[in-house]
Amino acid sequence: MNRQKVVIITGAGSGIGKAVAELLADKGFIVYGIDKNAFSHSKINALCADINDYEAISNIFKTVYDRHGRIDGLINNAGFGISGAIEDAKISNMQSIVNTNFLSLSVCSKLIIPYLKQSKGRLVNIGSIGGNIPLPYQAMYSATKSAVEVFSRALATEVRGFGVRVTCVMPGDTKTGFTAARIKDGEDDNDNFAKMHKSISKMEHDEQNGMSPLKAARVVYKTLTCKKRKLRVAVGCSSKMIIFLSKILPVKAVDYIVRKMYAS
Numbered sequence: 072m073n074r075q076k077v078v079i080i081t082g083a084g085s086g087i088g089k090a091v092a093e094l095l096a097d098k099g100f101i102v103y104g105i106d107k108n109a110f111s112h113s114k115i116n117a118l119c120a121d122i123n124d125y126e127a128i129s130n131i132f133k134t135v136y137d138r139h140g141r142i143d144g145l146i147n148n149a150g151f152g153i154s155g156a157i158e159d160a161k162i163s164n165m166q167s168i169v170n171t172n173f174l175s176l177s178v179c180s181k182l183i184i185p186y187l188k189q190s191k192g193r194l195v196n197i198g199s200i201g202g203n204i205p206l207p208y209q210a211m212y213s214a215t216k217s218a219v220e221v222f223s224r225a226l227a228t229e230v231r232g233f234g235v236r237v238t239c240v241m242p243g244d245t246k247t248g249f250t251a252a253r254i255k256d257g258e259d260d261n262d263n264f265a266k267m268h269k270s271i272s273k274m275e276h277d278e279q280n281g282m283s284p285l286k287a288a289r290v291v292y293k294t295l296t297c298k299k300r301k302l303r304v305a306v307g308c309s310s311k312m313i314i315f316l317s318k319i320l321p322v323k324a325v326d327y328i329v330r331k332m333y334a335s
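Under my numbering, residues 72 to 335 are what the sequence shown spells out, in order.
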């Protein structure tokens, strides 16, 4: 993509979304960033909207298109995490994470496709390495991110003939505000708490000592601009290793390693 291509990013107010928005703006893209919390930024066009409000998102896409006559890319980045044993999970939180991490991403993809067909543009869905391994006490998060990857691959086949490219970018542990924003289900006096707390503490330690969101942003930029078609891209050496091992090792072996890391 050359200068002045128009891209839209969801969840652009912080973390990976913000890093992507800033990098693309620096590279000459016209960037529109959507976030449920109002924010301002000197480099991007900041818009406040909840991605679960499909009418608002549809109107934003139309407004951007009417203003520029094109939309060249959408980065579906918005999402959040829930931790806790499934036994203790609030059904409302389970519904919320499915709606935000997967259903809204799917609807945003549906709504953007007509515009991307015109521009032969790119759709980048932000998944997670957690979608490739079964994270205990983050089962709903892992499930939604696994769904994002499968959805992206299926959609890529549907739109390939129209010149639209779809890629699932899968970051590993990244140091962002995502960790602090994670919703925690469960009480501290039940029989799940001790194991859950130990497991999540290990994951949060890894996240806060993880890579910079700029590293993920660079992968997204490369995905938007490279000529080679890729269905999924892992971010970071550890993430690539995890995907490699998950391919060659038996399922029981992968589950054993995860148990030793997070649930022993």
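The C-beta atom is built at its ideal place from N, Cα and C for all residues, glycine as well.
Query raised in the report: D97: buried (16+ other C-beta within 10 angstroms of its C-beta) or exposed?
Result: exposed
Report task. Compute the Euclidean distance between the alpha carbons of I183 and A225, then round it to the nearest angstrom. Result -> 16 Å
Query raised in the report: Taking buried to mean at least 16 other C-beta atoms within 10 Å of its own C-beta, is K336 buried or exposed?
Result: Past the boundaries of the shown model lies residue 336; the chain is included only from 72 to 335, so the question cannot be answered.
Requested in this report: Could you check if N203 is buried or exposed, using at least 16 other CB atoms within 10 Å of its CB as the buried criterion?
Outcome: buried
Query raised in the report: Who are the near neighbours of I271 in its chain, counting only those whose CB is closer than 7 Å to its CB and skipping five residues on each side?
Result: S154, Y208
Query raised in the report: Taking the alpha carbon of A83 as the point to measure from, which residue in Y125, K76, K114 has its own alpha carbon closest?
Result: K114
Query raised in the report: Do you know how far the Cα of G144 is from the Cα of V235?
Result: 10 Å
**Report entry** Beta bridge counterpart(s) of C119 as assigned by DSSP
**Finding:** D106
Query raised in the report: If we ignore side chains and look at the alpha-carbon of each, how far apart do N73 and H112 end up?
Result: At N73, the pLDDT of 44 sits below 50, so the modelled position is not reliable; the number obtained from the coordinates is stated separately. In a straight line, the C-alpha of N73 is about 23 Å away from that of H112.
Query raised in the report: Would C308 be called buried (16 or more neighbouring beta carbons within 10 Å of its own) or exposed?
Result: exposed
Query raised in the report: Thinking C-alpha only, which one of T238, A210, D277 is nearest T247?
Result: D277
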